[in-house]
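Structure first, then comments.
In the working numbering, the protein residues as written are 541 to 768.
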């Protein structure tokens with residue numbers, strides 16, 4: 541009986557509507573940091589520190605960051621997207637944990653625009669996340685903007701630390717992504733899904749070819765049962 545059930549399940553799988561998904565990984569075309577008074581440019585392999593870099597370090601204050609991706613034509617709807625970031629160096633001299641948020645950014649942006657647009661996602665980090673690649677799951681607003689950019693557009697995210705931090709050049713360090721200098725990644729999962737609709741119209745008589753296929757299936761199943 542188990543063999544008959546297995547054969548029926550296999551045939552059911554082969555003839556059922558399919559669902560397929562594909563995953564693509566995109567690397568940044570530009571990334572970097574900004575402060576209220578400067579920035580480090582926009583390069584694919586660039587430092588993207590975020591948080592407060594202050595006393596006994598760079599004596600600068602708050603850093604925010606950004607990431608840009610060129611989005612190709614996508615095969616099907618976007619099922620999910622995850623921003624993969626190398627946490628690298630973490631300095632939590634004020635408090636722990638620390639929360640980092642990414643948001644939408646317009647085509648022309650400055651320091652005040654980073655991390656203040658439509659929220660795309662966030663993550664809370666501790667010192668145990670040091671030197672690990674962690675994912676930030678992007679929400680529905682991000683997926684909609686990704687779809688809008690598909691086919692040759694640019695998708696830009698701005699990030700900043702949003703947890704309780706006292707920013708200032710003389711304040712202690714509270715930062716993420718120190719000593720980073722490699723392109724980061726965006727993981728996009730796309731796919732199609734098909735749903736079988738309930739049959740509401742009269743069912744037509746089976747065609748001879750269909751009857752023949754059913755007969756072959758019944759014969760195959762009877763042979764399996766005979767060998768049990």
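Each residue gets a CB set at the ideal place from its N, CA and C atoms; glycine is no exception.
Item	Value
Who are the near neighbours of residue 635 in its chain, counting only those whose CB is closer than 8 Å to its CB and skipping five residues on each side?	703, 704, 705, 714
Report the residue from 610, 592, 613, 611 whose alpha carbon sits nearest the alpha carbon of residue 603.	592
Would you report the Cα separation of residue 741 and residue 659, rounded to the nearest angstrom?	The predicted position of residue 741 is uncertain, since its pLDDT is 44 and thus under 50; no value can be drawn from it.
Look at residue 679 and residue 661 and say whether their C-beta atoms are less than 7 Å apart.	yes
Run the CB neighbour count on residue 605, radius 10 Å, all protein chains shown included, and call it buried at 16 or more, exposed below.	buried
Any idea what DSSP makes of residue 747, helix, strand or coil?	Here residue 747 scores only 47 on pLDDT, less than 50, and its place in the model is too uncertain to base an answer on.
Which residue wins for smallest C-alpha separation from residue 725, given the options 709, 576, 590, 627?	627
Is the Cβ-Cβ distance between residue 709 and residue 616 less than 7 Å?	no
Taking contact to mean 3 or more Cβ pairs, one atom from each stretch, closer than 8 Å, check whether the stretch 581 to 596 and the stretch 667 to 674 are in contact.	no
Return the first residue and the last residue of the alpha helix (DSSP H) that residue 681 is part of.	680 to 689
So, using beta-carbon positions, are residue 728 and residue 610 closer together than 7 Å?	no
Using CA atoms only, rank isn't needed, just tell me which of 568, 643, 619 is closest to residue 698.	643
Select from 619, 590, 731 the residue whose C-alpha is nearest the C-alpha of residue 682.	619
Give me the Cβ distance between residue 576 and residue 651, rounded to the nearest whole Å; I'm assuming they're in contact under 8 Å.	5 Å
Span of the beta strand (DSSP E) holding residue 640?	638 to 644
For residue 707, which residues in the same chain have their Cβ closer than 7 Å to its Cβ, ignoring the five residues on either side in sequence?	592, 601, 602
Do residue 640 and residue 716 have their C-beta atoms closer together than 7 Å?	yes
Take residue 712 as the anchor and find which of 569, 578, 596, 573 has the nearest alpha-carbon.	596
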